[in-house]
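Just so you know, the protein sequences line up as chains A and B, in that order.
Residue numbering for the first sequence follows numbering that gives the first Met the number 0, starting at 0 and increasing by one per position.
Residue numbering for the second sequence follows numbering that gives the first Met the number 0, starting at 0 and increasing by one per position.
See below for the structure under consideration.
There are 2 protein chains.
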Amino acid sequence: MQVGNKYYESLWFDRDHPGEVRVINQRRLPWEFQIQIIDSLEEVYLAIREMTVRGAPVIGVLAAFGMYIDAYNHPDEAHLADRLDHAAEYLLSSRPTAVNLAYAVSEQQKIYHAISGHSAVTGALLRRALGMADTEKEACRLIGENGFPLIRELAEKKQGEPVNILTHCNAGWLATIDYGTALAPVYKAHKEGIPLHVWVDETRPRNQGARLTVWELKQAGIPYTLIADNAGGHLMQHGMVDIVLVGSDRTTRNGDVANKIGTYLKALAARDNHVPFYVALPVSTIDPALKDGKDIPIEKRAAKEIIEMEGMTGTKIQKVSIVPPDTPVMNYGFDVTPARLVTGLITEKGICQASEEGIRSILKY
Amino acid sequence: MQVGNKYYESLWFDRDHPGEVRVINQRRLPWEFQIQIIDSLEEVYLAIREMTVRGAPVIGVLAAFGMYIDAYNHPDEAHLADRLDHAAEYLLSSRPTAVNLAYAVSEQQKIYHAISGHSAVTGALLRRALGMADTEKEACRLIGENGFPLIRELAEKKQGEPVNILTHCNAGWLATIDYGTALAPVYKAHKEGIPLHVWVDETRPRNQGARLTVWELKQAGIPYTLIADNAGGHLMQHGMVDIVLVGSDRTTRNGDVANKIGTYLKALAARDNHVPFYVALPVSTIDPALKDGKDIPIEKRAAKEIIEMEGMTGTKIQKVSIVPPDTPVMNYGFDVTPARLVTGLITEKGICQASEEGIRSILKY
Numbered sequence: 000m001q002v003g004n005k006y007y008e009s010l011w012f013d014r015d016h017p018g019e020v021r022v023i024n025q026r027r028l029p030w031e032f033q034i035q036i037i038d039s040l041e042e043v044y045l046a047i048r049e050m051t052v053r054g055a056p057v058i059g060v061l062a063a064f065g066m067y068i069d070a071y072n073h074p075d076e077a078h079l080a081d082r083l084d085h086a087a088e089y090l091l092s093s094r095p096t097a098v099n100l101a102y103a104v105s106e107q108q109k110i111y112h113a114i115s116g117h118s119a120v121t122g123a124l125l126r127r128a129l130g131m132a133d134t135e136k137e138a139c140r141l142i143g144e145n146g147f148p149l150i151r152e153l154a155e156k157k158q159g160e161p162v163n164i165l166t167h168c169n170a171g172w173l174a175t176i177d178y179g180t181a182l183a184p185v186y187k188a189h190k191e192g193i194p195l196h197v198w199v200d201e202t203r204p205r206n207q208g209a210r211l212t213v214w215e216l217k218q219a220g221i222p223y224t225l226i227a228d229n230a231g232g233h234l235m236q237h238g239m240v241d242i243v244l245v246g247s248d249r250t251t252r253n254g255d256v257a258n259k260i261g262t263y264l265k266a267l268a269a270r271d272n273h274v275p276f277y278v279a280l281p282v283s284t285i286d287p288a289l290k291d292g293k294d295i296p297i298e299k300r301a302a303k304e305i306i307e308m309e310g311m312t313g314t315k316i317q318k319v320s321i322v323p324p325d326t327p328v329m330n331y332g333f334d335v336t337p338a339r340l341v342t343g344l345i346t347e348k349g350i351c352q353a354s355e356e357g358i359r360s361i362l363k364y
Numbered sequence: 000m001q002v003g004n005k006y007y008e009s010l011w012f013d014r015d016h017p018g019e020v021r022v023i024n025q026r027r028l029p030w031e032f033q034i035q036i037i038d039s040l041e042e043v044y045l046a047i048r049e050m051t052v053r054g055a056p057v058i059g060v061l062a063a064f065g066m067y068i069d070a071y072n073h074p075d076e077a078h079l080a081d082r083l084d085h086a087a088e089y090l091l092s093s094r095p096t097a098v099n100l101a102y103a104v105s106e107q108q109k110i111y112h113a114i115s116g117h118s119a120v121t122g123a124l125l126r127r128a129l130g131m132a133d134t135e136k137e138a139c140r141l142i143g144e145n146g147f148p149l150i151r152e153l154a155e156k157k158q159g160e161p162v163n164i165l166t167h168c169n170a171g172w173l174a175t176i177d178y179g180t181a182l183a184p185v186y187k188a189h190k191e192g193i194p195l196h197v198w199v200d201e202t203r204p205r206n207q208g209a210r211l212t213v214w215e216l217k218q219a220g221i222p223y224t225l226i227a228d229n230a231g232g233h234l235m236q237h238g239m240v241d242i243v244l245v246g247s248d249r250t251t252r253n254g255d256v257a258n259k260i261g262t263y264l265k266a267l268a269a270r271d272n273h274v275p276f277y278v279a280l281p282v283s284t285i286d287p288a289l290k291d292g293k294d295i296p297i298e299k300r301a302a303k304e305i306i307e308m309e310g311m312t313g314t315k316i317q318k319v320s321i322v323p324p325d326t327p328v329m330n331y332g333f334d335v336t337p338a339r340l341v342t343g344l345i346t347e348k349g350i351c352q353a354s355e356e357g358i359r360s361i362l363k364y
């Protein structure tokens, strides 16, 4: 997407620097637009764990590049497959909830278990990582196309009044390679000239809504308003939300949706107020191996994400402790929205019901 | 309640300083325990508006003292009733949602419209303010007594495991004169030796949970864990919450409950997971003049409450901007939880259903 007058993706590979991958450092936004070069397995691991890069689709792609970079960096490795199996395990330990990470790693494992020779393996790993990036990007473009009619219909009903969309966390192009998942239909609708306004949930504790979604929408020139996570129910009670659009980190066979903690509360409010609640996701985020949401591992993250808050004082980025540092804290990263609360899933293959039948119709398994 | 080895109330009057009222400065907690002396109508207004003192019961009492202080400070006022009518209007403009404020002011108005003479009026205003403080305090003590059996029953079911209580915002003794509303049964249960654990919602944007409820529970030695506002639904889905207890700023004739923004989302999650959801409030918070929650004025507060976050860096209290200062923001202070989601109201006169019949049985109107 456009940043100022230049087009960026959230992650890209430059053939002139074959041992590296480049990402937008999402920990510096909105204060600073910084490109980070990642050139080792350890840095891939840290970028995922510390959330320099986050969002289920993009951490999958980054992990695929991580396997490639590790192979590239060790041309003399006698036991390349063993090395890469360790790399796979290491990357899988970075974050547990998003299925894309596990999928990407297992795709790379298929390659080096099938072929041998360092340059053949390395070349194939790179091609697969690039292919995944392309696939994710195209999937998100299509999610935009497929979700767009939902917004267009609302716009027709509203006869020129802006369509009010509520979103939680960041499911924009920073979380994918390009376009986004939940935001892809929003970008498409904006491009088509439909008047829009987006309510952006702050998304405590890490404030991905406040920091990233606000930044994305500002770049795109789409009107938005930042709200506390607590506010969405009140807005829906007062007819101020026409549709809720969120992403997903893993969706199970029956349509249960793991997404950023707090998503479930918004789904409940949407149901209580007859507001459509859609989840936008590439099919790579669907995990047909899991029967339902109870089987999704939910990440517990560090206490300091709740205790500390980062912001600007003058021109300096600074952290403050918003409670005494020894305060007992519990910090779950995700929750599961039961399929019964989801109006539909928007995928690159079309919109389907959040149900076993709906997902089967999309995945054709 | 006990602060270290001394007993405090959140607001008190000292006969040796008859033109003043003393409050705990809630803007400095948890970093500093500071007592603030308030000795003019303007300072009363600012203490309420800027939330040096907050919580429906205590701002009512403070407003009553405000009327008294204004009379006390103007012994030569020829038109005392006119002056106090202006004072009343001024105080009412400080914050719109809590009914206690309007009630306290109207109670004082009755006095100076009924009697005359500066010292007679001043004396009567002081007696009424002191009486209100006593009434609120006793009401909260009784809320503790009346709510306690709910916790005791849960404790019996849990056979020695701690009862997990979730609370939103601060409805403790800082928000009342003493004991609290939602926390009164918790303090009582703790005193009775029942094992407890409290999940404390951070309560963005002003973090009254993180700053005040955590501080209160720590003083009392009750185990607690701070969570993001987004987390409560997940905890309830996983059986980690036995009861939700919250306060109220205004409850209408039919049992609709205005409380801190985000309360409605927790009520929805409680209903969805069969967790009892109780609202604790003195009857002074019930507004029988209002038919239902749609009639409650909902305060919109300053954008900077969302944009800025206060905390400690080393030994310094500092504010950081968590988003660019020009970010568009909407900041509603309260939402309305419909009566249908409320398991019961805990008042000083007993527990009743959140319904017209239930409230009638308590208020006997």
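Just so you know, even glycine gets a beta-carbon here, dropped at the ideal spot from N, CA and C.
Chain B residues whose Cβ lies nearer than 8 angstroms to that of residue i
i	result
A:Thr-224	Pro-327, Val-328, Met-329
A:Thr-312	Gln-317, Lys-318, Val-319, Ser-320
A:Tyr-263	Gly-232, His-233, Gln-236, Ala-268
A:Pro-29	Val-322, Pro-323
Residue i: contacting residues in chain B (beta-carbon distance under 7 angstroms)
i	result
A:Ala-209	Ile-321, Val-322
A:Asp-271	Leu-267
7 angstroms Cβ cutoff, residue i in contact with chain A
i	result
B:Pro-56	no
B:Asp-248	no
B:Val-213	yes
B:Thr-334	The sequence as given places Asp at residue 334 of chain B; Thr does not occur at that position. Yes - at least one Cβ of chain A is within 7 angstroms of the one on B:Asp-334.
Close Cβ partners of residue i (< 7 angstroms) along its chain, the five nearest in sequence each way excluded
i	result
A:Arg-210	Leu-28, Pro-29
B:Gln-25	Met-50, Thr-51, Val-52, Arg-53, Leu-173, Leu-211
A:Leu-195	Pro-161, Val-162, Ile-164, Val-185, Ala-188, His-189, Ile-221, Pro-222
B:Tyr-7	Met-0, Ile-23
A:Gly-349	Asn-145, Ile-361
A:Asn-72	Gly-18, Ser-39
A:Thr-312	none
B:Gly-343	Tyr-277, Ile-350, Cys-351, Gln-352, Ala-353
Residue-chain proximity (residue i, chain B), Cβ-Cβ < 7 angstroms
i	result
A:Ala-227	yes
A:Leu-182	no
A:Asp-241	no
A:Ala-230	yes
A:Met-308	yes
A:Asp-291	no
Residue range of the alpha helix (DSSP H) that includes residue i
i	result
B:Trp-214	213-219
B:Gly-59	55-71
A:Leu-234	231-236
B:Lys-190	183-190
B:Leu-45	40-48
Enclosing beta strand (DSSP E) for residue i [first to last residue]
i	result
B:Phe-200	Inspection of the sequence shows that residue 200 of chain B is occupied by Asp rather than by Phe. 195-200 is the extent of the beta strand (DSSP E) around B:Asp-200.
A:Arg-249	249-251
B:Thr-175	No beta strand (DSSP E) holds B:Thr-175; DSSP gives it neither H nor E.
B:Gln-158	Counting along the chain, B:Gln-158 falls outside any beta strand (DSSP E), and DSSP gives it neither H nor E.
A:Leu-244	242-245
Same chain, Cβ closer than 8 angstroms to residue i, neighbours up to 5 away in sequence not counted
i	result
B:Met-239	Asn-163, Trp-198
A:Glu-298	Arg-94, Pro-95, Thr-96, Tyr-331, Gly-332, Phe-333
B:Tyr-89	Leu-40, Tyr-44
Beta-carbon neighbours of residue i, restricted to chain B and to distances below 9 angstroms
i	result
A:Glu-201	Arg-203, Pro-204, Ile-305, Ile-321, Val-322
Partners in chain A for residue i, counting only beta-carbon separations shorter than 7 angstroms
i	result
B:Ile-260	Ala-227, Asn-229, Ala-230, His-233
Contacts around residue i, its chain only, beta-carbon distance under 6 angstroms, and the 5 residues preceding and following it disregarded
i	result
A:Phe-64	Val-20, Ala-128
B:Ala-62	Leu-90, Leu-100, Ala-103, Val-104
A:Val-319	Met-308
Mind listing, in chain order, the continuous alpha helix (DSSP H) runs of no fewer than 4 residues lying wholly within the segment 262-340 of chain B? You should have 262-271, 303-306.
Would you list, in sequence order, the uninterrupted alpha helix (DSSP H) runs of no fewer than 4 residues that lie entirely inside the segment 84-110 of chain A? The segment 84-110 of chain A contains no whole alpha helix (DSSP H) run of 4 or more residues.
Sequence ranges, alpha helix (DSSP H) only - wholly within the segment 112-158 of chain B, length at least 4: Qualifying alpha helix (DSSP H) stretches, in chain order: 117-157.
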